[in-house]
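The number in the numbering used here is simply the position in the sequence shown, starting from 1, with 106 added. Quick reminder that beta carbons are idealized off the backbone N, C-alpha and C, glycines included. Here's the structure we're looking at; comments come further down.
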Amino acid sequence: MLGEILGGPNYIKPSALTPYGYIVDFECILDKEKKPLPHGSQDEDELPSVLWGPDVHESRSALPLGAQRVALEFLDSRAFCKNTTHLKGRSSMKKRHLEILGYRVIQIPHLEWNSMELSTKDAWMEYLRERMFAEVQS
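Right, dumping it as structure tokens:
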């Protein structure tokens, strides 16, 4: 579904490894106009020996000016405190670390993804489209 939304499978990287060793479900890169950039044009095989983030210009590969990495995480019930929608520390810490690295993190809770409201492919696609291309609130 993400491939359809972004324009093809080369615009999304599943099980992406970040410099701090986190694995994110999906990674994509959006330019400043929120258009996806292909992963095939980036050198993804080698992790950097230096830290990189929103203000650091040394990275795995230089992103175009204004482009941003997006990490998409699907959260299952183990990511939440029992019988609540409160995130456990590990998931919160992972999100903070990814944001420090310059990612825009989109976390999708299992309760939303598996809700009756999102019971069709079209509903899932619209939900993903809204989350991927939403304006970031500071």
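| query | result |
| --- | --- |
| Pick from Gly127, Phe132, Ala185 that is closest to Met238, judged by C-alpha positions | Phe132 |
| Selected residue, minimal CA-CA separation from Glu218, among Ser183, Leu108, Lys188 | Ser183 |
| Buried versus exposed, by CB contacts within 10 Å (16 or more), Pro142 | buried |
| As assigned by DSSP and simplified to three states, the class of Leu123 | strand |
| Nearest-angstrom Cβ-Cβ length linking Val176 and Leu123, presumed shorter than 8 Å | Their Cβ separation, rounded to whole angstroms, is 15 Å, which puts Val176 and Leu123 out of contact at 8 Å. |
| Three-way DSSP call (helix, strand, coil) for Asp151 in this model | The pLDDT assigned to Asp151 is 44, lower than 50, so where the model puts this residue is not dependable; a value taken from the coordinates is nonetheless given after this. Here Asp151 sits in coil by DSSP. |
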